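Step one of this worksheet: look at the structure below.
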Amino acid sequence: MKKYINSWNLDKKIFFIITSLIYGISVIMLVIFTAFYINSFIRQSNNITKNQLSALASNYEKTLDDYNEFAIAMIIDDSIQEYLECTGKKDKDYFNLVNSAKQTLQNAINMHSSMNYIAILSYNFNGMVYKGNITKIAKNFNQTYKMDYAKSLFCYESGTMRMSFNDVYLGNGHNTLNIYFPVYSITKMIKETGLLCMIFETSLFDGLSENSITEFDSEVFMVDSNHVVVSSTDDFSIGTKFAYADRLNGDNANFSVSNNLYSYKKIGKWNYYLVSRIPLMNMYRDNIIVVALLFFMTVAITCFGVAICKKILKKTYEPLEYVVKEMKYAAEGKLDVRIDMENVGTDFKQLAYGFNYMMKEINSLMEQVKLEQQQMNHIRFNALQSQIQPHFLYNTLDCIHWQAMVDGNEEISALVKALAQYYRLCLSGGKDVIHLEQEIEHVKNYLIIQNIRYDNIIESDIIVDDSCRNILIPKITLQPLVENSIYHGIKVKEGKKGKLWIRVEKKGDEIFITVSDNGTGMTEEAIQDMNNSISEYDKDFGYGIRNVNKRIEILFGKEYGLHYERNELGGVTVIIHLPCRFVMEYEEVL
Numbered sequence: 005m006k007k008y009i010n011s012w013n014l015d016k017k018i019f020f021i022i023t024s025l026i027y028g029i030s031v032i033m034l035v036i037f038t039a040f041y042i043n044s045f046i047r048q049s050n051n052i053t054k055n056q057l058s059a060l061a062s063n064y065e066k067t068l069d070d071y072n073e074f075a076i077a078m079i080i081d082d083s084i085q086e087y088l089e090c091t092g093k094k095d096k097d098y099f100n101l102v103n104s105a106k107q108t109l110q111n112a113i114n115m116h117s118s119m120n121y122i123a124i125l126s127y128n129f130n131g132m133v134y135k136g137n138i139t140k141i142a143k144n145f146n147q148t149y150k151m152d153y154a155k156s157l158f159c160y161e162s163g164t165m166r167m168s169f170n171d172v173y174l175g176n177g178h179n180t181l182n183i184y185f186p187v188y189s190i191t192k193m194i195k196e197t198g199l200l201c202m203i204f205e206t207s208l209f210d211g212l213s214e215n216s217i218t219e220f221d222s223e224v225f226m227v228d229s230n231h232v233v234v235s236s237t238d239d240f241s242i243g244t245k246f247a248y249a250d251r252l253n254g255d256n257a258n259f260s261v262s263n264n265l266y267s268y269k270k271i272g273k274w275n276y277y278l279v280s281r282i283p284l285m286n287m288y289r290d291n292i293i294v295v296a297l298l299f300f301m302t303v304a305i306t307c308f309g310v311a312i313c314k315k316i317l318k319k320t321y322e323p324l325e326y327v328v329k330e331m332k333y334a335a336e337g338k339l340d341v342r343i344d345m346e347n348v349g350t351d352f353k354q355l356a357y358g359f360n361y362m363m364k365e366i367n368s369l370m371e372q373v374k375l376e377q378q379q380m381n382h383i384r385f386n387a388l389q390s391q392i393q394p395h396f397l398y399n400t401l402d403c404i405h406w407q408a409m410v411d412g413n414e415e416i417s418a419l420v421k422a423l424a425q426y427y428r429l430c431l432s433g434g435k436d437v438i439h440l441e442q443e444i445e446h447v448k449n450y451l452i453i454q455n456i457r458y459d460n461i462i463e464s465d466i467i468v469d470d471s472c473r474n475i476l477i478p479k480i481t482l483q484p485l486v487e488n489s490i491y492h493g494i495k496v497k498e499g500k501k502g503k504l505w506i507r508v509e510k511k512g513d514e515i516f517i518t519v520s521d522n523g524t525g526m527t528e529e530a531i532q533d534m535n536n537s538i539s540e541y542d543k544d545f546g547y548g549i550r551n552v553n554k555r556i557e558i559l560f561g562k563e564y565g566l567h568y569e570r571n572e573l574g575g576v577t578v579i580i581h582l583p584c585r586f587v588m589e590y591e592e593v594l
C-alpha cells in the first residue's frame, strides 16, 4: 500500500490526504452529533419520565393519604369506638351499637364507590359488623382476612396501616386493594380493641394501566417493600419479584440494564415505588429518521466539498505540473530548458527561478568540465611527448656517467647520475601520480644538479613524517616550487648562499607540505596577486606554478592546492594542501 501511494503524483497525494481528512472529520462530526443528539434525547426523555412519574406518584400519595385519613376518621368515630368497647350481646345496648356502627359503615361505602366491602372486627368479643358485597366476600371472610392480614405489609415505617393487593377475596384474578387498620381505644391508647378492614374492588392500582407516562411503548409498575410488583400495565408481571430491586435507592433515579431504561420514584412516605421501563430500542427507533437524514446531508456536503477541493487543487497544481514537465525535459538531457516565469504564478516563481539558475549553473559546470578535460588531456599529451625515446636518453646518460668514472671525474659522474635519475622520475612510466617518497628523491636529484651547477649555492633540510612517505602526490609538484625558490629567491642574492626547508606533516586525513626559503622574498601585494591568480591555467608551461596547482585541483578537488605566505626569514613559504591517499586507492600510481 505504501509503495502504491508513493508512486502517485503530488496532486494525487494531496487530494488523497485532503479527501481523507474531509471524510474523517465528517464521520467524526456525524458520530459526535448523533451521539450528542441521542444522549440529549434520552436525557430529555428521562427528565420527562421523571416529571411524569413524580406527578403520578404525587397523585398516588394523595390517594393513599386520603385512605389513611379516612381510616383514622373511621376508627375514632364514636359509633365504632362504642361498638368495640361493648362486651357483646350481653350488653343491653348491643343491638343499638351494632346498628349505629353499620350505619357508619354504610355511609363509608356510599362515600367511596370503589369500596366493595368494609368490616369492623372486635377483639373484646368474637364478633364483627360489615357492609358490602356479602355474596362474594362475607361467606369466607373470617378465614380469608386472617391469612391476608398476616401477609400484608406496613404501608409506611411509622404507621400501623397495612395493605395488600391480590385476588384472595374475589378469586379468578380479580384483584382487590385490601387495607387493614388496627383500632385502639381512645380512652386507653395502648389497648387494641379491633381491626378495620376495607376492600376496594376498583382500586388506585387498577388505574395504573391507564397512565401512559411516555410516548414510547413502556411499562409502568408499582413495587412494594418486599420488592414484589403489586400493580403493572402488564398483568403478567403482577406478583413477581422486581429483578433490579437493589437499584431502588433514594427518592428517584434512573438506570440502564439489559437494553432497558428504568426510572423510579418513591411515593412520598409510603413504602412503594413507581417504576417505568422503556426499551432503549424504542427510543432509538424514533431517532433513526433524524440520524439517516443527517447522514445523507453529511454525505452530500462532504461530496460537494471534495468536488470543490479537487477543482481548486487542480487549478493550484497546474503551475507545479508545468514546472515538473519542464524538469522532465531537463532529465532527458535538454539542458537548454528554461521555465517561463509568467506561467507559474506567484507561489512557484521562486521554484522556477531556482530551476532556471540551476540549469544555468549546470551548463556552466559542463563547460568547465570540458575545459578541465581539455587541460588534463593537454597535460597528459605533454607528458607523453616527453617520453619519446626515453631509453635512448637513459642509456646515453649512463654511458657518460661510467666514462666519467673511468676518467676519474667524480663531479661529472655525480652530475650525470643525478640527471639520469631526475629524468627517470620525470617520466615515471607515463603515470600522473607517484609516491611522496619518489617525489622527495626527485627533488634531491634536482638539488644535486643545481649545487654542482652553482657551486653549492643551496643548503637543504628535508623532514618527512614516516606515515606520509607512501601518500600520493602529482608528479613534479615540488621541483617547480624548489626551482622557483632558487631562481627568484636565493640566486638573486649576490655572493650569498641560501637554504631550503621542506616539511611534510599529516593532520587528520589531510597532508600539508611546506617549502620555505630564506631568499629575497616577495611583497604582500605580490603574494596576494599570486594566491588570487594561482588557479589560472597556463598552457604555455608544462610544469609551472599555476599548472602544479591546477593539476592538484583536477586530481583531488578545488579545496586542495597551493598557498603562498611570507615567512619570518624574509623569504617565501608555499603550503601544499593534499588529501591523505595511498597507492591502493588510485589506479595510476607508479
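For the sequence shown, the numbering used here begins at 5 and goes up steadily by one. Positions of the beta carbon are idealized from the N, C-alpha and C atoms, including for glycine. Note that the structure is a prediction, hence the values are computed from the model and not measured.
Residue i versus residue j: straight-line alpha-carbon distance, rounded
i	j	result
Lys-329	Glu-322	10 Å
Asn-170	Ser-235	10 Å
Gly-502	Leu-566	22 Å
Tyr-27	Phe-19	12 Å
Arg-251	Glu-205	32 Å
Cys-201	Tyr-64	20 Å
Asn-535	Asn-413	45 Å
Tyr-149	Tyr-276	22 Å
Gln-372	Gln-379	10 Å
Leu-4	Val-227	Nothing can be reported for residue 4: it is not among the residues displayed for the chain, which extend from 5 to 594.
Phe-158	Met-301	59 Å
Ala-61	Trp-274	10 Å
Met-362	Gln-377	22 Å
Leu-419	Asp-470	28 Å
Pro-583	Glu-336	36 Å
Val-552	Phe-560	12 Å
Cys-307	Cys-313	10 Å
His-439	Glu-346	57 Å
Asn-72	Gln-56	24 Å
Ile-292	Ser-24	26 Å
Tyr-160	Phe-185	12 Å
Assumed close pair residue i, residue j - CB separation to whole angstroms, cut-off 8 Å
i	j	result
Gln-454	Ile-466	That belief does not hold up - the Cβ atoms of Gln-454 and Ile-466 are roughly 15 Å apart, past 8 Å.
Ser-280	Val-224	5 Å
Glu-443	Ile-477	5 Å
Lys-269	Lys-54	7 Å
Glu-89	Ser-189	7 Å
Ala-75	Ile-183	7 Å
Met-132	Leu-125	4 Å
Cβ-heavy atom distance, residue i to the ligand COA, below 7 Å
i	result
Val-576	Looking at this structure, you won't find the ligand COA or any other ligand, since it has none at all.
Three-state class that DSSP yields for residue i in the structure shown
i	result
Ser-58	helix
Asp-465	strand
Arg-47	helix
His-382	helix
Asp-70	helix
Ala-418	helix
Cys-201	strand
Met-165	coil
Asp-81	coil
Leu-485	helix
Ser-471	helix
Ile-366	helix
Arg-507	strand
Thr-577	strand
Val-227	strand
Leu-265	strand
Gln-372	helix
Ser-24	helix
His-567	strand
Own chain residues within Cβ distance below 6 Å of residue i, not counting five before or after
i	result
Val-519	Leu-485, Ile-506, Val-578
Ala-422	Asn-449, Ile-452, Ile-453
Ile-517	Val-508, Ile-580
Ile-416	Ala-408
Asn-571	Ser-520, Thr-577
Leu-109	Ile-122, Lys-135
Leu-482	Glu-443, Val-447
Own chain partners of residue i with C-beta closer than 7 Å, once the 5 adjacent residues on each side are dropped
i	result
Asn-522	Gly-502, Lys-503, Leu-573, Gly-574, Gly-575
Close Cβ partners of residue i (< 8 Å) along its chain, the five nearest in sequence each way excluded
i	result
Asp-513	Pro-583, Cys-584
Ile-343	Tyr-326, Val-327, Glu-330, Ala-356, Phe-359, Asn-360
Ser-58	Asn-256, Lys-269
Lys-353	Met-345
Practice task
Ignoring anything shorter than 3 residues or poking outside the region 93 to 163, list the beta strand (DSSP E) runs there in chain order.
Solution key: Runs of the beta strand (DSSP E) inside the region 93 to 163: 119 to 126, 131 to 136.
Handout entry: Ordered list of alpha helix (DSSP H) runs contained in the region 276 to 300, each at least 4 residues
Key = Whole alpha helix (DSSP H) segments, 4+ residues: 284 to 289.
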